[in-house]
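A quick write-up on the structure given underneath.
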Amino acid sequence: VKEAENEEHPNQGVRIINLSKTYKGRKTWCKTGSNTKYMDVKALKEVYLEVSEGELLGIMGHNGAGKTTLVNTLCGYVQLTSGNARLFDMQLNKDLESIRRRMGVVS
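The sequence shown begins at 7 in my numbering and counts up by one.
In structure tokens form, the structure reads like this:
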């Protein structure tokens, strides 16, 4: 994916480039005890992925792995912290409304 993005190969499917999402100041358990404190939580860490047009993708993982955050960033429900994604050869950070008109998500 990294090489294809550098060469600007078109992709009518989904291309995720270095996508990261950090939630600021979320309440989490401390590793040193039973107290809680507010810490940043990295839900997605430098995700690279490409799904070509006509392919089907299933996302599996344990609780807290970032599955919902990934889908929510691609739909524009959650703003990404860094990186970008291309859907239907449109950029998520520039063409969100056009992407939303072509996308459907079932939960």
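Ideal placement from N, C-alpha and C gives every residue a C-beta, glycine not left out.
Quick caveat, the model's predicted, so the values are computed rather than measured.
### Query
Would you say the segment 75-83 touches the segment 57-64, given that touching needs at least three Cβ pairs under 8 Å?
At 8 Å Cβ cutoff, the stretches do not touch.
### Task
Taking only the alpha-carbon atoms, compute the straight-line gap between Lys43 and Gln18 and give it to the nearest angstrom.
Lys43 and Gln18: Cα-Cα distance of roughly 43 Å.
### Query
In three-state terms, what does DSSP make of Thr74?
DSSP places Thr74 within a helical segment (H, G or I) once states are collapsed to three.
### Message
For a test of the three-state rule: what should DSSP assign to Ser58, helix, strand or coil?
### Response
Here Ser58 sits in coil by DSSP.
### Query
From Gly72 to Asp95, what does the alpha carbon distance come to, in whole angstroms?
Going by the C-alpha atoms only, they are around 24 Å apart.
### Selected residue, minimal CA-CA separation from Lys48, among Gly31, Ile105 and Gly110
Of Gly31, Ile105 and Gly110, the residue nearest in Cα terms is Gly31.
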